[in-house]
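Going by UniProt numbering, the residue at position 11 of the sequence shown is 11; the numbering climbs one at a time, nothing skipped.
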Amino acid sequence: MTIPDCKLLRRDQLLTMKAALALACVELGISDADRSKRETVAILMAPLAKKGHASIEEMKTFAVDQFSKLKSH
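See the structure below:
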């Protein structure tokens, strides 16, 4: 799966985002095969990753919250 704007992220930011994405998808029940939903979750957390100060847990929690709001509309 391609992380959006991955060329704009430092290696540490990318690794943090990948870990957060994996955890968020597990929590949301999104399978590895559901590329569309996984990409949506990645896009939601990308701004936090770019800032470089968010932890894995912060990014995961933010993405789960935002994705859940999207699904409810």
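Ideal Cβ placement from N, Cα and C applies to all residues, glycine included. Model, not experiment: these values are computed from the prediction.
Taking just the CA atoms, how far does residue j sit from residue i?
| i | j | result |
| --- | --- | --- |
| Ala33 | Thr16 | 21 Å |
| Arg35 | Gly29 | 13 Å |
| Glu39 | Val26 | 14 Å |
| Ile43 | Ser55 | 16 Å |
| residue 106 | Lys69 | Absent from the structure is residue 106, since the part of the chain shown begins at 1 and ends at 73. |
| Gly52 | Asp65 | 20 Å |
Beta carbon of residue i, beta carbon of residue j: below 8 Å?
| i | j | result |
| --- | --- | --- |
| Met45 | Ala19 | no |
| Leu48 | Glu58 | yes |
| Ala24 | Lys60 | yes |
| Lys50 | Leu14 | no |
| Val41 | Phe62 | no |
Which residues bound the alpha helix (DSSP H) around residue i?
| i | result |
| --- | --- |
| Leu21 | 11-28 |
| residue 74 | There is no way to answer for residue 74, as the model of the chain reaches only from 1 to 73. |
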